[in-house]
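Notes to accompany the following structure.
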Amino acid sequence: PPDQHEEDNVLELFAGENLRMGMLMRGVKLNDSLAKRFDTKNGGNCGAGGLCRTCAVTVVNGADILNPQRPAEKQMLADNPRWRLACKAIVGYGMKEGEMTIRVNPRQF
């Protein structure tokens, strides 16, 4: 987010790696304080259950190297088609390689 004045990060993730776990293990902060849980409409982290949307990211380019969205994720993010839940995104789906640009905490832009 612009107000955090942080440099962009370049990460290398491996085919089959969960985007959320890969980013957290490499020091990227994901929890969006503006996110509301899909199930309760309150704040709170669901621990990668795919309900809180705190790990939502904007996929600027390279979405083709992620697994397809499942119906529940599509429903939760219907108003933001370029968003993905990092906890449900698998990098290198189908052993695809490539580059991807994502923006964390998209509600803050």
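Residue numbers for the sequence shown, in my numbering: 976 to 1084.
Using N, Cα and C, we set each Cβ at its ideal position, and we do this for glycine too.
Selection from the options that minimises the alpha carbon distance to residue i
| i | options | result |
| --- | --- | --- |
| LYS1063 | CYS1030, LEU986 and LEU988 | CYS1030 |
| GLY1069 | ILE1040, VAL1032, ALA1047 and ASP983 | ILE1040 |
| ASN993 | GLY1002, GLY1037, GLU1072 and ASN1042 | ASN1042 |
| PHE989 | MET1075, ASN1080 and VAL1079 | MET1075 |
| ASN1036 | GLN1050, ARG1045 and PRO1056 | PRO1056 |
| CYS1027 | LEU1052, LEU986 and LYS1071 | LEU1052 |
Residues bridged to residue i [DSSP beta-bridge criterion]
| i | result |
| --- | --- |
| VAL1079 | VAL1032 |
| LEU1060 | ALA1031 |
| LEU1041 | VAL1066 |
Coarse secondary structure for residue i, derived from DSSP in three states
| i | result |
| --- | --- |
| ARG995 | helix |
| GLU1074 | coil |
| ALA1047 | helix |
Distance CB(residue i)-CB(residue j) smaller than 8 Å
| i | j | result |
| --- | --- | --- |
| ARG1103 | ASP1007 | Outside the shown range of the chain (976 to 1084) lies residue 1103, about which nothing can therefore be said. |
| VAL1034 | ILE1065 | no |
| VAL1032 | ARG1001 | no |
| LEU1005 | MET996 | no |
Proximal residues to residue i (C-beta, below 8 Å), its chain only, five neighbours per side dropped
| i | result |
| --- | --- |
| GLY1067 | LEU988, PHE989, ALA990, GLY991, GLU992 and ILE1040 |
| GLY1073 | GLY1037, ASP1039 and ILE1040 |
| LYS1071 | ALA990, ASP1039 and ILE1040 |
Sequence-distant residues of its chain with Cβ nearer than 7 Å to residue i (five each side left out)
| i | result |
| --- | --- |
| GLY1025 | ALA1047, GLU1048, LEU1060, CYS1062 and LYS1063 |
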